[in-house]
Amino acid sequence: MKYFLPLLVMLLHFNHIQAQSSSAQIQGTVTDDKGNAVAGAAVTVIQTGQGGATTEKGQYTINNVAAGAYHIRINAIGYHSIVVKATLKANEHLVLPIRVESDMNMLNEVNINTKKYNPDNLIDLQRTPMPSMVITRKQIEQMGSRRLDEVLKEQTGLAIVNDIGSGARAIGLQMQGFDSGYTMILIDGQPMTGRNSGNFDLSRITVANIERIEIIKGASSCLFGSDAMAGVVNIVTRQHVSQSQGMAGVRYGTFNTVDANLVGESPFANGKGSGYIAGNYYRTDGFNANPYLSEGKTAPPYTSYTLQGRAKYMLSTVNTLNFTGRFASRHSVNDKSYTGSPTKDKLDEDDLNGSAVLNTNLGRGLRIKSQYYLTRYSTGQNITDLTSNEIIPGNNFTQYLHRGEVQASKTWFNSLVVTSGIGTQYETMDNDAYQGGKHQQNSFFYSQGDWKVSDKVGMIGGFRVEHHSRYGSSLTPSFGINYQPVKMLVLKAAVATGFKTPDFRQLYLVFTNFAGGGYTVLGTEQFAAELKKLQDAGEISAVFPNASKVSKLKPERSVSYSAGFTLTPAPSFKIDVNGFYNNVHNFINTDQVASKKGGQQVFSYFNIDKAFLSGLDVGFSWIAAKGLTIAGGYQLLYAKDRGVIDSIKTGTGNYAKVYDPNLGADRRSKVSDYFGLTNRSRHMANIRFSYEYEPKGITGTFRVNYRGKYGFQESNRSNGFLDPYDTYVAGFFLLNASIQKILLNKHMAVQLTADNILNYRDMLMPGQPGRMILAGLNYRFF
Amino acid sequence: MKMIKYNYLKTLLIAVTSTLLISSCTKDQVKPQLQDGKSTIVNDLPGDVGKTINTGFRTFYFSFSTNAKVDSSQKKTSQWDIAFAKEYNSYVSINNGTNDASYGFGGTGKGSMVVVNKAYDQVTEAPADDVFTTSSITSAGWDSGSGDASGWYFYDLKTHLAIPVKNRTYVLRTADGKYAKLEMVSMYKGAPAVVTDLNWPAPYFTFRYYVQQDGSRNLSTKD
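Chains as they are written, first to last, in the working numbering: chain A, 1 to 782; chain B, 1001 to 1223.
In structure tokens:
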């Protein structure tokens, strides 16, 4: 009788909840974001008003709950109150562990959103040995960014870099000084493919309907296998749908940029299922940074369509099915002219990702995820010389990746979580620049333990064994420890390993750039035969001694060391300091193996270089006043090739001399002459002011990004390394701002964004657009 | 109190934004000044444009005295001083009737060339005849980077773009025996200070030269 009335009310409002005489029980433990039990938290079933407080061990039990779908609210002092959903069957004993987020960590953007169960990955990417960060939906919305590259280039230690030597469309993400090819791009925990000479163009991904972006800096092959040498960027699409709603948004601004979004989402089948579908249309006229171009752009114009969605269905209290899908298509035509010599550069690409996931929750802390993932990427990009009608081949291929994986996670004593996975993947590549279709396959097993040893000490360790069809087996372990001697200080240290198997290009490429200098690049597997062809055709003037050393490539390997601390001297201030050192060996690089009669180089790939990428990463966040947060970051980076340093030190080899234009002569090079690898800035920094005035629904941001000078290419004379007399891109500041107001009872939002307010341009940065001002409108239905 | 703070911030934001919006900046890549009052500057002389390494490039001939291309039918005459041959027409060659490596072999040209590792304006005198006689080069193009290399450009290993060798000047004896100096500046259209596009139109030659008309060895182009 006690709850008859609330039940009646509930029946009237939620007619899908069926009252049944046989009752069920909900129990579980409330923990905080560090896994500690939260005592004294109030756990209430909203619909019935039933509930109670958690015990010293954070446990709660709610008896005699009728079968049905409920919302359960958890309130605890010092934590955000959250609401979770639960569906109960008659006589069921539902175990519902709940995690609450500390309110003190308002600072920490990572924890603003309540952490929910992730159906796509049982491993929490913030619980890996290497340092990680999260960019939340809220942050992305505040910035007003449209494409993924725009979001990432404002993060500490990340840069978007053009790869001039791979063509005007080759652009990618640099992380801690590693080229784009060394960072794995994941969508909901699964790898995305489709690279242009290793460069992953992130502008093909819309940030609409991205829940958050997780970034791990440092070798992460332990969990993700090959390619995760610099780190990982994981794009998490919307996972949880709680109510029926629709949203439409449009933005318009400089360069005729249009960004339009339409989203619909709803629970269905009495709350057992839920799903959303979202569409995005984006277009831009592109931007030209090159004053010599009379027509055309250096950041090419394009039109892109994206359709993505997810469907979730609870088969039973134990099993849930998840389907995710994404299809994106991009079309771009760049008609270029240098007051004459017109060319047409055309790109068409299609990108498909799909997953079917079965999540099994066996209770008592044991969960299993079984997944099949497929991705297909195809691109066709060619440049037509409109004078001669000759086609200059760009990038033409179709790539498939299939992956099956079973993951299991078990929690013991609320303090040890072990997650393991086993799987296999098969990849095919059909590229015009290779002879015939190519494929490779690998199988893997990994395991990670996350152990909270005591209140002060936590450890995360793991390993991965991978067997590759070409390179055999490899083992990549990792280990991290954190120690909290006092409440305000956490000390962290980690070591992890990374590897990257040679890509198809390094094995099979047969490419002569007839338009851009006439150099030839030969993959190691094709090298002998192709060199002979060139020799027979009488094109070769000299074959260098190293040609005999072209052989089977070995995977590149790295060891990442990371150590630092997080200091929280006051609830409103937090600072993170982290030193990193990546030691890379068997680094694959091209080296000249022969000269053609006209001097053009013939290249092949070698495991020659030993490089190190080392530096310091600092981040802080400060709530300066109510609603005003100031956050910033800084990265110091030394990215150098050891071979160059050794040659300079010994005064022998290719790098022993430098031409000093002031002396007008060669002189012995010094270690200090060597700036490092091209495209790497020694200093990068950013600061972000975000202001939120809740009563008026106004939020605003102002961000300043600095990128220090970096090497562009050699000038002066050819000595194979960046010396002080070479071409550098000057350091620069980019200023961005946005302001948003929420109207009509939170149904409508208007936003004004300004990127690159100073309109900073440099022809050495072809991909950096000038000032962009956009106005946007968002409307939420229901 | 809150309102005041909010208004203050808003005003500040508007002030800062409007200041920034009216200012703008670019980083310009500055080209070197080629004019010296004496030398002849040739801008964007087109080579066999539209051709690729695959199809080959047709050699063309250039006269210092007319500052123009010379028809290939005049190959065996002293009408031209330098030829642009091979890949991208980037090999600058002399007109010498007696040297079989010259495109003018069998003709009347007296040309010869010597490489000088000095900036163009610092080359003030042509070397003695025996230096020309013993000079091992008849053309200059790609530079291998080795110590005795004499090319006028090299390829950057990452960007694959041709970059002119700094402080390298060629002293020539023209087809009719006068002394001259030559600096090759660029093979890309517009001769930008830095080439930023792998498909930047080429070959378009920018270069400057000075011919001493009085027959002496004085090549000073300073006033």
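The beta-carbon is built from N, C-alpha and C at its ideal position, and this holds for glycine as well.
By the criterion of Cβ-Cβ separation under 7 Å, what are the contact partners of B/L1157 in chain A? As a working note, residue 1157 of chain B is residue 157 in the second sequence. Near B/L1157 (Cβ distances below 7 Å), the residues of chain A are G720.
Mind checking which residues open and close the beta strand (DSSP E) that includes A/I575? Sequence index remark: in the first sequence, residue 575 of chain A carries index 575 (1-based). It spans F573 to K596 - the beta strand (DSSP E) in which A/I575 sits, taken as one unbroken run.
Can the beta-carbon of B/D1217 be found closer than 7 Å to that of B/E1183? Taking the first residue of the second sequence as 1, we reach residue 1217 of chain B at position 217. Taking the first residue of the second sequence as 1, we reach residue 1183 of chain B at position 183. According to the sequence displayed, residue 1217 of chain B carries Arg and not Asp. No.
Which partner residues does A/F178 have in the DSSP bridge list? To locate residue 178 of chain A, count along the first sequence from 1; it is residue 178. Answer by DSSP bridge pairing, in chain order: A/M175.
By Cβ distance, which residues of its chain are closer than 7 Å to B/Y1088, with the 5 residues on each side in sequence left out? The residue you call residue 1088 of chain B lines up with position 88 of the second sequence. The residues are G1047, F1057, M1187, A1202 and P1203.
The beta strand (DSSP E) that contains A/Q27, what's its start and end? The count along the first sequence starts at 1 and reaches residue 27 of chain A at position 27. Start and end: S23 to D32.
Taking Cβ-Cβ distances shorter than 7 Å, what residues in chain A pair up with B/N1167? Taking the second sequence and counting its residues from 1, the one referred to as residue 1167 of chain B is at position 167. In chain order: P661 and G664.
Closest Cα partner of A/S669 within the set A/F702, A/T652, A/L677 and A/M684: Residue mapping note: residue 669 of chain A aligns to position 669 of the first sequence, counting from 1. When each option's Cα is compared against that of A/S669, the closest is A/T652.
List the residues of chain B that A/Y760 touches, going by C-beta distances under 9 Å, in chain order. The residue labelled residue 760 of chain A in the question sits at position 760 within the first sequence. Per Cβ cutoff of 9 Å: S1024, C1025, T1026 and K1027.
Does any CB atom of chain B fall closer than 7 Å to the CB of A/A168? Counting from 1 along the first sequence, the entry for residue 168 of chain A is found at position 168. Yes - at least one Cβ of chain B is within 7 Å of the one on A/A168.
Hey, A/K495 and A/N482: beta-carbon distance below 7 Å or not? As a position in the first sequence, residue 495 of chain A is number 495, starting the count at 1. As a position in the first sequence, residue 482 of chain A is number 482, starting the count at 1. At residue 495 of chain A the sequence reads Val, which differs from the Lys that was named. No, the Cβ-Cβ distance between A/V495 and A/N482 is not below 7 Å.
If we ignore side chains and look at the alpha-carbon of each, how far apart do A/S808 and A/I216 end up? What is shown of chain A runs 1 to 782, which leaves residue 808 of chain A out entirely.
For A/Q139, the first and last residue of its enclosing beta strand (DSSP E): Your numbering for residue 139 of chain A matches position 139 in the first sequence. Taken as a continuous stretch (DSSP letters only), A/Q139 belongs to no beta strand (DSSP E), being part of the alpha helix (DSSP H) at R137 to M143.
On the criterion of 16 or more Cβ atoms from any shown chain inside 10 Å, does A/R557 qualify as buried, or is it exposed? What you label residue 557 of chain A is simply residue 557 of the first sequence in a count that begins at 1. With 16 or more Cβ atoms within 10 Å of its Cβ, A/R557 is classed as buried.
Check whether chain B comes within 7 Å of A/G599, counting only Cβ atoms and requiring the distance to be less than that. Counting from 1 along the first sequence, the entry for residue 599 of chain A is found at position 599. Yes - at least one Cβ of chain B is within 7 Å of the one on A/G599.
Rounded separation between A/M175 and A/D227 - CA only: Locating residue 175 of chain A in the first sequence gives position 175, counting from the first residue. Locating residue 227 of chain A in the first sequence gives position 227, counting from the first residue. A/M175 and A/D227: Cα-Cα distance of roughly 13 Å.
So is A/N716 in contact with chain B if we call contact Cβ pairs under 7 Å? Translated into positions along the first sequence, residue 716 of chain A becomes position 716. Chain B, which has a Cβ nearer than 7 Å to the Cβ of A/N716, makes this yes.
Nearest-angstrom Cβ-Cβ length linking A/T317 and A/K89, presumed shorter than 8 Å: By 1-based counting over the first sequence, the position of residue 317 of chain A is 317. By 1-based counting over the first sequence, the position of residue 89 of chain A is 89. Yes, they are in contact, since the Cβ atoms of A/T317 and A/K89 sit about 6 Å apart, within 8 Å.
Does the Cβ of B/T1159 lie closer than 6 Å to at least one heavy atom of the ligand HEM? The ligand HEM is absent from the structure shown, which contains no ligand whatsoever.
Please confirm whether A/L366 and A/K410 have their CB atoms less than 7 Å apart. Within the first sequence, residue 366 of chain A is the residue found at index 366, counting from 1. Within the first sequence, residue 410 of chain A is the residue found at index 410, counting from 1. Going by C-beta atoms, A/L366 is nearer than 7 Å to A/K410.
Buried or exposed for A/E694, going by 16 or more other Cβ atoms inside 10 Å? Here residue 694 of chain A is taken as the residue at index 694 of the first sequence, counted from 1. By the 10 Å Cβ count, A/E694 comes out exposed.
Where do the ends of the beta strand (DSSP E) carrying A/F781 lie? Within the first sequence, the letter at position 781 stands for residue 781 of chain A. Unbroken beta strand (DSSP E) run through A/F781: M772 to F781.
Scan the region 237-263 of chain A and note each continuous beta strand (DSSP E) run of 3 residues or more that stays entirely inside, going in chain order. 245-253
For B/L1198, return the contacting residues in chain A, with the cut-off set at a CB-CB distance below 7 Å. As a working mapping, residue 1198 of chain B is identified with position 198 in the second sequence. Here the neighbours are I164, G165, G167, A168 and G516.
Between A/F675 and the rest of its own chain, which residues show a CB-CB distance below 6 Å, the 5 nearest in sequence each way excluded? Position 675 of the first sequence, counted from the start, is the residue given in the question as residue 675 of chain A. Correct list, in chain order: G711 and L722.
Since A/D385 meets chain B, which of its residues come closer than 7 Å, beta carbon to beta carbon? Your numbering for residue 385 of chain A matches position 385 in the first sequence. Residues of chain B passing the Cβ test: G1050.
Return the first residue and the last residue of the alpha helix (DSSP H) that A/S647 is part of. The residue given as residue 647 of chain A occupies position 647 in the first sequence. Residues R642 to T650.
Against A/F268, what residues of chain B qualify as contacts under a CB-to-CB distance less than 8 Å, listed in chain order? Within the first sequence, the letter at position 268 stands for residue 268 of chain A. Result: empty, since nearest Cβ-Cβ is about 43 Å, beyond 8 Å.
Nearest chain B C-beta to A/Y292 closer than 7 Å, yes or no? Reading the first sequence from its first residue, position 292 is the one you call residue 292 of chain A. True, the Cβ-Cβ gap to chain B drops below 7 Å.
Looking at chain B, is there any beta carbon in it that lies within less than 7 Å of the beta carbon of A/P766? Here residue 766 of chain A refers to the residue found at position 766 of the first sequence. Using a CB distance cut-off of 7 Å, A/P766 counts as an interface residue toward chain B.
Interface flag, B/F1084 vs chain A, CB-CB below 7 Å: On the second sequence, position 84 is the one that residue 1084 of chain B refers to. With 7 Å as the cut-off, B/F1084 does not count as an interface residue toward chain A.
With which residues is A/N280 paired in a DSSP beta bridge? By 1-based counting over the first sequence, the position of residue 280 of chain A is 280. A/N261 and A/T306, per the DSSP bridge assignment.
What residues are listed by DSSP as bridge partners for A/P267? Taking the first residue of the first sequence as position 1, residue 267 of chain A is located at position 267. In the DSSP assignment, A/P267 is bridged to A/S274.
Below 8 Å, can you find three or more Cβ-Cβ pairs linking the region 681-699 of chain A to the region 618-628 of chain A? yes
A/S341 CB to nearest chain B CB: under 7 Å? In the first sequence, residue 341 of chain A corresponds to position 341, counting from 1. Interface residue, yes.
If A/V207 sits next to A/L293, beta carbons under 8 Å apart, how far is it from one beta carbon to the other, in whole angstroms? Position 207 of the first sequence, counted from the first residue, corresponds to residue 207 of chain A. Position 293 of the first sequence, counted from the first residue, corresponds to residue 293 of chain A. The pair is not a contact, with the Cβ atoms about 29 Å apart (cut-off 8 Å).
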